Structure formats: structure tokens, C-alpha cells
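S.K.:
Protein chains: 2
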Amino acid sequence: MTRGEDTKQVILESGLDMASQLGLEAVSIGELAKKTDMSKSGLFAHFQSKENLQIEILKHAADLFAADVVVPALKTKAGTGRIEALVNNWIRWTDMLTGGCIFVAASTDFKDRPGKVRDVLLRQQEAWIDCLRRMAQSAIASGDFREDIDCDQFAFELYSLLLGFHLYYKLLNNKDIQEHQRIALKRLLDDYQRSP
Amino acid sequence: MTRGEDTKQVILESGLDMASQLGLEAVSIGELAKKTDMSKSGLFAHFQSKENLQIEILKHAADLFAADVVVPALKTKAGTGRIEALVNNWIRWTDMLTGGCIFVAASTDFKDRPGKVRDVLLRQQEAWIDCLRRMAQSAIASGDFREDIDCDQFAFELYSLLLGFHLYYKLLNNKDIQEHQRIALKRLLDDYQRSP
DNA sequence: GACAAGCACGAACGATCGTACTATATTGGA
DNA sequence: TCCAATATAGTACGATCGTTCGTGCTTGTC
Chain A
1 MTRGEDTKQV ILESGLDMAS QLGLEAVSIG ELAKKTDMSK SGLFAHFQSK ENLQIEILKH
61 AADLFAADVV VPALKTKAGT GRIEALVNNW IRWTDMLTGG CIFVAASTDF KDRPGKVRDV
121 LLRQQEAWID CLRRMAQSAI ASGDFREDID CDQFAFELYS LLLGFHLYYK LLNNKDIQEH
181 QRIALKRLLD DYQRSP
Chain B
1001 MTRGEDTKQV ILESGLDMAS QLGLEAVSIG ELAKKTDMSK SGLFAHFQSK ENLQIEILKH
1061 AADLFAADVV VPALKTKAGT GRIEALVNNW IRWTDMLTGG CIFVAASTDF KDRPGKVRDV
1121 LLRQQEAWID CLRRMAQSAI ASGDFREDID CDQFAFELYS LLLGFHLYYK LLNNKDIQEH
1181 QRIALKRLLD DYQRSP
């Protein structure tokens, strides 16, 4: 890794943290330069535009997300256990970043801001939902889930649960939410499970 | 209503629309002045600070929300029917505003911005969750729900469902989501319902 | 018709925004 | 060790940010 790529990683790390707190649009080049002890122009030279900076932050986040959330879950045996592992990894992921999940923040931030950033975000969200769907499919294959279930439906309900958890946890600072989340997940899995 | 109060309503209406799209923090006084055909200073005089403007937008939104979503639902008979009415009103509410639900947008926007705006938002969200909880309580009283259910748990699961719907609907433009939402709501209500 | 209050305006403030240039360090290969 | 490439800093730009101030235009009241 060259020196330039090295500092770029530092910038992206700091930018990711900033975006998780204030939103991707609120990441300003001047403020980011202060946090990384660089000059505005020196930092800017790495990205050529703010739009590129935002996109690279998103892609950097996606790399970390894949490595910390998805891949470890895929190493466990397919079925409800893998789904629970994924959920636990996701919760740990929202704890790693100071502000919470950057994708949740960016989603509300860019839902009405057309452009390349929104396009990237959309593809990422679709990939994530597809990941959830495949979790359900492999749970069918493993025999944990019934065969007649709607995997899209499952993905939607599971993602909804995570979004609810995120709001209770990050905005309302609700202490009991982890337990509520556990119960809701159990109810969801039970309903989709093969009756014994 | 005096002339001043009249234009203030126009400003808040436009500000609410803007906040629902770009977020409450992205509502700029200059841009809002353009949309309402006013001067920056003329508009500013109504609020004395941007913080006050944001707070008044939130309160204006809460008034509309109560009138369009909560009150009509409370006029129906308590129980699962009332909950369904509330959900339908909520969906219609997210359709009324160009960008979606302002509270969802503001929640991610202000989760890490301490201050008066965040305090107001927090109280509003707690009131909303309390509203959902009372819906469950009255459903118990009416005999629709079992008596041993956890109303906080129900509020969390229902709110999560709405958040998921909002993301699919507003960011992903998912056409099938209304049907997915309907199915998930049925599953939720069934699980909490008194067995016949 | 004078007067006060309410309301909106234009101009200007310092700060920060994203971006464009130019120049100076720092680096790795010949 | 010299050179070219890479990497950072400095300065400046027009635009916009939230905010302040002074001014004039409408109102409704006496």
C-alpha cells in the first residue's frame, strides 16, 4: 500500500464515522480535513469531488460490512442459526460505528437526492435485501423453514425488525430493546419454521 | 388569523415539505425563502433562529399527524380494526408529503445532534410509541388481543413494520411492498390475537 | 389624518461550503 | 544522486450559510 492509499484509508475511516453520525450529506471536506489533520486541498485531491468522496465512503463501508457481518454469518451452518448470527453481527456492526448504521442514515438522506451516490446506495440496499432473501432460501434447503414461504416477504420483515431496533437503540436509547428484538426475531423465525 | 400568522403557515407548510425530502437539517432559510417568494430576512424574522424554525416545523407536522392519522383512527371501534385503520392512515400520511414521513427523516438526522430540536423530536417519538402501546391495550380491553401480551413489544414490532415499509416504499420504490406490508401486519395481529 | 404596531425588504456581516489553481515537499526507481 | 512521479499544502474563487441591522410599507386605532 503506497503512502497515498494509506492516508486515503484514514480519511475514509474518519469519513465513515462522521457519516454514521450526521449523515452522508453532512460530511464536509473542511471538517473532515480538521479531523484527519490535513489541509482541505490535500484531502480533496484524493477524491476530485465531494460526490466521489461520498461514493468511496459508501463502498468502504460496504467492504467492512461484508467482512464483519455477512461473511462470518455465511461460515456458520445454513438455517435459523445462520440468520441469528447475521442479526447479531448486524447489531455489533451498528455498535462499531459511533453514530449507527451508515446505510440506514444514508437511505433517508439520499432517498430524494438523485445522482450517482443514490444509485450506488440503491444497489447496495438491493444487494443487502438479496442477502436476506438467500438466507431464507438456504434455511428452506436446510430444512429449518417450510418450503412454501415467501423469501421476499421474510427479507422485508427481518429488515424491518432491524430498522426498528436501530431507531429504538440509537435515537431513543432504549435499554430493553435488545430483549424486545430477541423476542420479535423468535416470533418471526417460529412463524416461518417447519412445524415439527 | 393575522397576516403574519398566515404567511407563517405557508412557510411551515413549505418547510415541512422540504424537510420530508432532504431532512430537517437540510432546510435552509435561503432556499425556503425562494420557495415561498420571500426575502431571507423577512422569513427569518418569523423564527429568530434556524433552531426555532426546525422546532416549529416539527410541531406543525405533529399537529397534522394527529389530525390526519391518530384522531381518525381513534374514532373507529377499539381493537384490531382500529390498528389497521391507524396503519392505513399512516401510509396515507407518508404519501401526502413529497419526501415521506418527516419524523423518520428527522430521527436519523438528529440522533446525534444534541439540542432543543432533538429534545422535541424525542418527546414526539415517545408519544407516538405510547400511542401504539395504547392501541394494543385497547385491543386487549375489546377482547381482540390476549390479555398476557406485552404492549411495548407490540408497539416495537408494529413501528418496525412501518419503518421497513417506509424504506422499501420511498427509497427502493418497491411496488409490491403494500402487499408485503399487509401480510406482515396480518401475521403480527394473528400472533397477538385471542385464539378463538 | 396622525400614530403605533406589525410585517417584509435589501444590504451586509463573518463563516463555511465545494472546487480550482499553483507550489512545495516527499518518495521510489534509474 | 538526480529525476519524475506522487502527495500534501497554500491561496483564492464564487456561492451559500445563519444572522443582524436599518428602512419602508401596510395595517388598524384613536
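Line by line, the protein sequences give chains A and B.
Residues in the first sequence are numbered from 1 upward in steps of one, following this note's numbering.
Residues in the second sequence are numbered from 1001 upward in steps of one, following this note's numbering.
The beta-carbon is built from N, C-alpha and C at its ideal position, and this holds for glycine as well.
All values reported here derive from a predicted model rather than from experimental measurement.
In the DSSP assignment, what are the bridge partners of Phe1145 of chain B?
M.R.: B:Gln1193
S.K.: If you measure from the beta carbon of Gly948 of chain B to each beta carbon in chain A, is any gap under 7 Å?
M.R.: Nothing about residue 948 of chain B can be read from this structure; chain B reaches only from 1001 to 1196.
S.K.: With a floor of 4 residues, list each alpha helix (DSSP H) that falls wholly inside the region 121-182 of chain A, ordered by position along the chain.
M.R.: 151-166
S.K.: For Gln181 of chain A, count neighbouring Cβ atoms within 10 angstroms of its own Cβ and tell me buried if that reaches 16, exposed if not.
M.R.: buried
S.K.: Which of helix, strand or coil does DSSP assign to Arg1118 of chain B?
M.R.: helix
S.K.: Contact criterion: CB-CB distance below 7 Å. Does Ser1107 of chain B meet it with respect to chain A?
M.R.: yes
S.K.: Considering just the uninterrupted stretch of the alpha helix (DSSP H) at Arg82 of chain A, what are its terminal residues?
M.R.: Judged by DSSP secondary structure, Arg82 of chain A falls within the alpha helix (DSSP H) whose first and last residues are Thr80 to Met96.
S.K.: Quick one, which of A:Gln54, A:Ile149, A:Tyr168 and A:Lys77 has its alpha-carbon nearest Leu12 of chain A's?
M.R.: A:Gln54
S.K.: Please go through the same chain and pick out, in chain order, the residues whose beta-carbon is closer than 7 Å to the beta-carbon of Asn1089 of chain B, but skip the five residues on each side of it.
M.R.: Asp1068, Val1069, Pro1072 and Ala1073.
S.K.: Just verifying my parser: in three-state terms, what is the DSSP assignment at Phe47 of chain A?
M.R.: coil
S.K.: Return the first residue and the last residue of the alpha helix (DSSP H) that Leu1016 of chain B is part of.
M.R.: Arg1003 to Leu1022
S.K.: Between the Cα of Phe198 of chain A and those of B:Tyr1192, B:Leu1172 and B:Met1038, spot the shortest distance and give me the residue it belongs to.
M.R.: Look at the range of chain A in this structure, 1 to 196, and you will see that residue 198 of chain A is not part of it.
S.K.: Give me the chain B residues within the contact set of Lys170 of chain A, using Cβ-Cβ distance strictly less than 7 Å, ordered along the chain.
M.R.: Lys1111
S.K.: Evaluate the contact criterion for the region 1106-1122 of chain B versus the region 1027-1037 of chain B: three or more CB pairs, one atom per stretch, below 8 Å.
M.R.: no
S.K.: Return the Cβ separation of Ser107 of chain A and Leu1167 of chain B in integer angstroms, given the expectation that the two are a contact with Cβ distance under 8 Å.
M.R.: With a beta-carbon spacing of about 6 Å, Ser107 of chain A and Leu1167 of chain B fall inside the 8 Å limit used to define contacts.
S.K.: Could you check whether Gln153 of chain A and Ile1183 of chain B sit closer than 7 Å to each other, using their CB atoms as the reference points?
M.R.: yes
S.K.: Rank A:Gly79, A:Cys101, A:Gly42 and A:Ser138 by C-alpha distance to the C-alpha of Asp1112 of chain B and give the top, closest one.
M.R.: A:Cys101
S.K.: Please work out which residues of its chain come closer than 6 Å, Cβ to Cβ, to Cys1151 of chain B, disregarding the five sequence neighbours upstream and downstream, and give them in chain order.
M.R.: Correct list, in chain order: Arg1133, Ala1136 and Gln1137.
S.K.: So what does DSSP say about Arg187 of chain A, is it helix, strand or coil?
M.R.: Helix.
S.K.: With distances taken between CB atoms, is the gap from Leu1163 of chain B to Leu43 of chain A smaller than 7 Å?
M.R.: Using a Cβ distance threshold of 7 Å, Leu1163 of chain B and Leu43 of chain A do not count as a contacting pair.
S.K.: Taking only beta-carbon atoms, is Tyr249 of chain A less than 7 Å away from chain B?
M.R.: As shown, chain A starts at 1 and ends at 196. That puts residue 249 of chain A outside it, with no answer to give.
S.K.: Give me the chain B residues within the contact set of Ile29 of chain A, using Cβ-Cβ distance strictly less than 8 Å, ordered along the chain.
M.R.: Near Ile29 of chain A there are no residues of chain B at all, since even the closest Cβ is about 17 Å away, more than 8 Å.
S.K.: Under 7 Å Cβ to Cβ from Ile1047 of chain B, same chain only, skipping five residues before and after it: list those, please.
M.R.: Note that residue 1047 of chain B is Phe in the sequence shown, not Ile. Counting only Cβ-Cβ distances below 7 Å, and skipping sequence neighbours, we find Leu1053 and Glu1056.
S.K.: Under a Cβ-count criterion, where at least 16 other Cβ atoms within 10 Å of its own Cβ denotes burial, should Ser1041 of chain B be classed as buried or exposed?
M.R.: exposed
S.K.: Going along chain B in order, which residues have a C-beta closer than 8 Å to the C-beta of Ala26 of chain A?
M.R.: When 8 Å is used as the limit between beta carbons, Ala26 of chain A is near these residues of chain B: Glu1025, in chain order.
S.K.: Taking the alpha carbon of Ala61 of chain A as the point to measure from, which residue in A:Lys50, A:Ser49 and A:Ser14 has its own alpha carbon closest?
M.R.: A:Ser14
S.K.: What is the DSSP secondary structure of Gly1042 of chain B, reduced to helix, strand or coil?
M.R.: helix
S.K.: Determine whether the Cβ of Glu1013 of chain B lies closer than 7 Å to any Cβ atom of chain A.
M.R.: no
S.K.: So Asn152 of chain A contacts chain B; which residues on that side make the cut at Cβ distance below 8 Å?
M.R.: Reading off the sequence, residue 152 of chain A comes out as Asp, not Asn. Neighbours of Asp152 of chain A on chain B, chain order: Asp1176 and His1180.
S.K.: Report back the beta-carbon spacing between Leu209 of chain A and Ser28 of chain A to the nearest angstrom; my notes put them in contact at under 8 Å.
M.R.: Because chain A spans 1 through 196 in this model, residue 209 of chain A falls outside it and cannot be assessed.
S.K.: If you reduce the DSSP assignment to three classes, tell me which class Val1071 of chain B lands in.
M.R.: helix
S.K.: For chain A, check one thing: does any of its Cβ atoms lie closer than 7 Å to the Cβ of Ala1184 of chain B?
M.R.: Chain A, which has a Cβ nearer than 7 Å to the Cβ of Ala1184 of chain B, makes this yes.
S.K.: Are the C-beta atoms of Gln21 of chain A and some chain B residue less than 7 Å apart?
M.R.: yes
S.K.: For Ala155 of chain A, which option in A:Arg92, A:Ala127, A:Met18 and A:Gln178 has the closest C-alpha, if you only look at C-alpha atoms?
M.R.: Here the closest residue by C-alpha is A:Ala127.
S.K.: Are the beta-carbon atoms belonging to Glu142 of chain A and Ala78 of chain A less than 7 Å from one another?
M.R.: Reading off the sequence, residue 142 of chain A comes out as Ser, not Glu. Yes; because the gap between Cβ atoms is below 7 Å, this pair is in contact.
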